[in-house]
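Whatever position you read off the sequence shown (first residue = 1), add 774 for my numbering.
Heads up, the beta-carbon is just placed ideally off N, CA and C, and yes, glycines get one too.
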Amino acid sequence: MMHSVKKDNLEFNKGDTIIGRWQQTRYTVMRQLGKGMIGTVYLCRAKGRLVALKISEQQMQMTTEVNVMKELNEVQDSRLGPFLHEVDDWISLSGQVYSFYAMEYIAGEAIHSYVRDKGEEWLVVLLIQLLDELDKVHQAGYVFGDLKKEHIIIEKHPVTVRCIDVGGMTKRGRSVKEYSEFYDRAYWQLGTRKAEPSYDLFALVMIVLSIYYPNPFKRRSLPLPFLSQKVTNIKRLHLIHPILLNALSGKYDTAQAMKDALIKTVVKKRTKRSQPQKSATSYLIQSVFVASVASLYYILSLFL
Ligand SMILES: Nc1ncnc2c1ncn2[C@@H]1O[C@H](COP(=O)(O)OP(=O)(O)O)[C@@H](O)[C@H]1O
Ligand SMILES: [Mg+2]
């Protein structure tokens, strides 16, 4: 086996190969994509295609992630999480066994840089799309759990929001075990870690805050007024302030409810702005209501 692993630190370099113990697939490392609490993810080439390979010492957690990803891949019409390709073990020079899995490589841009470039209208479109996907996950009986800006990738052509790291996905009613403080409503004393849709909706608001406040902030003695102030200070989002505030305080029971509220706001704004071409506009607005989210952002893009 050709690799340059020094004492099993699971660091691989460009050109190293990882060969699966059972499937014997040869993965050639191109570069590291990222590293988290659980494992390290590499962009690899295998069987002529690019994949993302996650390798870790934490076998139990990896098994959980694989199972969750299989479930997520089953959710009808959902493209939220990466597609799972192959699961295997890798044996290091010292004879240690590590779990890895190969999944779809999701290429794209981070949500904060995307919104900074494209503006607030696109943030709303991305939120609507994300809510649509989350709703499917919730209806399938899960909560995403560890939603944060590092776990969102914006694919181009067509613009699609994707989530990575399914490690936090939790069956509804259970307790979310993998979360990140800043995005966790229990940390902010604004609810429990019980896996219910409103848990994800809170994290979604925190994602919005993380875009506009690059330096994360800590809890204060009065968390709700503190976070509400952070929201309302983002003047460019004034149209959706009420919706973000509702989600902060757990007022939406479903992702669908929050999505509907956003769509209504967008449509209202359009109506006000385009009085002269009323008929064309109202036609488009009507289509917004019946359109899938995919066509929704297309329709919106006509106005931008
Ligand atoms: N399928 C993927 N496609 C592209 N990048 C990925 C993919 N999976 C993970 N990454 C990158 O690797 C980082 C770490 O992966 P993640 O699954 O979050 O690890 P951990 O569970 O240890 O937090 C991510 O933040 C992301 O930048
Ligand atoms: Mg992660």
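Non-local C-beta neighbours of Leu-1036 in its own chain, meaning closer than 8 Å and more than five positions away in sequence, comprise Val-898, Leu-901, Ile-902, Leu-905, Ile-1014, Ile-1017, ordered along the chain.
In terms of side-chain proximity, the C-beta atom of Asp-920 is found nearer than 8 Å to a non-hydrogen atom of ligand 2. Close CB contacts of Met-980 within its chain, under the 7 Å cut and outside five residues either way in sequence, are with Phe-956, Tyr-957 (chain order).
A straight line joining the alpha-carbon of Ala-826 with that of Thr-1006 spans about 38 Å. No Cβ-Cβ contact shorter than 9 Å links Gly-965 with Glu-952.
Fewer than three beta-carbon pairs drawn from the segment 846-855 and the segment 885-894 are found closer than 8 Å, and the two stretches are therefore not classed as touching. Of the residues assessed, Arg-959 falls on the buried side of the cut-off, its CB having 16 or more other CB atoms within 10 angstroms. Bridge partners of Asp-862 according to DSSP: Phe-874. Our two residues, Leu-1001 and Pro-988, have alpha carbons roughly 15 Å apart in a direct line.
In the three-state DSSP reduction, Thr-966 falls in the coil class, being neither helix nor strand.
Taking 8 Å as the cut-off, the C-beta of Gly-855 does not count as close to any heavy atom of ligand 2. Looking at the DSSP output, Gly-808 bridges to Val-815. Residue Gly-882 holds the alpha-carbon nearest to the alpha-carbon of His-931 among Leu-998, Gly-882, Asp-1034, Thr-791.
In the DSSP annotation of this structure, the continuous segment of the alpha helix (DSSP H) that includes Ala-977 starts and ends at 971-986. Within the chosen limit of 8 Å, ligand 1 does not reach the beta carbon of Glu-955 with any heavy atom. Boundaries of the beta strand (DSSP E) harbouring Ser-830: 823-830, taken from the DSSP string.
Between Leu-824 and Thr-799, the alpha-carbon positions lie close to 13 Å from each other. For Thr-791, no alpha helix (DSSP H) encloses it; the enclosing beta strand (DSSP E) starts and ends at 791-793. Straight-line spacing of the CA atoms in Gly-808 and Leu-858 works out to 18 Å.
Residue burial is scored here from C-beta neighbours: Thr-837 has fewer than 16 other C-beta atoms within 10 angstroms and is therefore classed as exposed. The beta carbons of Lys-922 and Ala-977 sit closer together than 9 Å. DSSP places Val-840 inside the alpha helix (DSSP H), whose first and last residues are 833-848.
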